[in-house]
Amino acid sequence: MDCAVAGYEMRALGKGSLAAATRDWDDPFRVAVEAQSLVSRRYDPFRLFNGASNRTHYSVAPDGRTRLVQLVSFANRPPANLMSLRVERPHRSVALYTLDSADAVPLQAVHVEGQTEYQLPQFVTYAALEVKA
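Sequential numbering from 233 applies to the sequence shown in this note's numbering.
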């Protein structure tokens, strides 16, 4: 079986498959990223593109109707490339909150390859995205 992640080989195991490392692991952060790629992203509640210097936190309200994606940027400057957020679950709206503004900014959906994404305006330190179902 072919493996899309370098450094691993896929083996059949029962009704599924097993990814076996073909090299020693020397970087735990790389292993975490590779594990995510090996398992798949189909169950991710959201995906952030061009957000490598951001830490993200995802939370869901008890009723499940409102979700919050918080972003903290460690770059100390606006990004060179615009970030975008893909929301995987059905929803009605996405609003952006930043430290610079008291009001939420509603974001417009953009359809890319059959998926719904939102282009994020530039922010320097913190942003929160409220996703309403």
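Positions of the beta carbon are idealized from the N, C-alpha and C atoms, including for glycine.
Asked: Secondary structure, beta strand (DSSP E): runs of 3+ residues fully inside the stretch 334-359; Found: 341-344, 347-351
Asked: CA nearest to the CA of A252, picked from M242, V337, D259; Found: M242
Asked: Rounded Cβ spacing between V237 and L270 (contact assumed at less than 8 Å); Found: 6 Å
Asked: N-terminal and C-terminal residue of the beta strand (DSSP E) that F281 is part of; Found: 278-281
Asked: Buried versus exposed, by CB contacts within 10 Å (16 or more), S325; Found: exposed
Asked: Contact check, A365 vs R299, beta carbons under 9 Å; Found: yes
Asked: CA nearest to the CA of V356, picked from E362, Y350, L317, A312; Found: A312
Asked: Local Cβ density within 10 Å of M233, reported as buried at 16 or more and exposed below that; Found: exposed
Asked: Length at least 4, wholly inside the stretch 247-308: the alpha helix (DSSP H) runs in chain order; Found: 260-271
Asked: Residue(s) in a DSSP beta bridge with R318; Found: R279, E349
Asked: Backbone CA spacing between W257 and S333 [nearest angstrom]; Found: 44 Å
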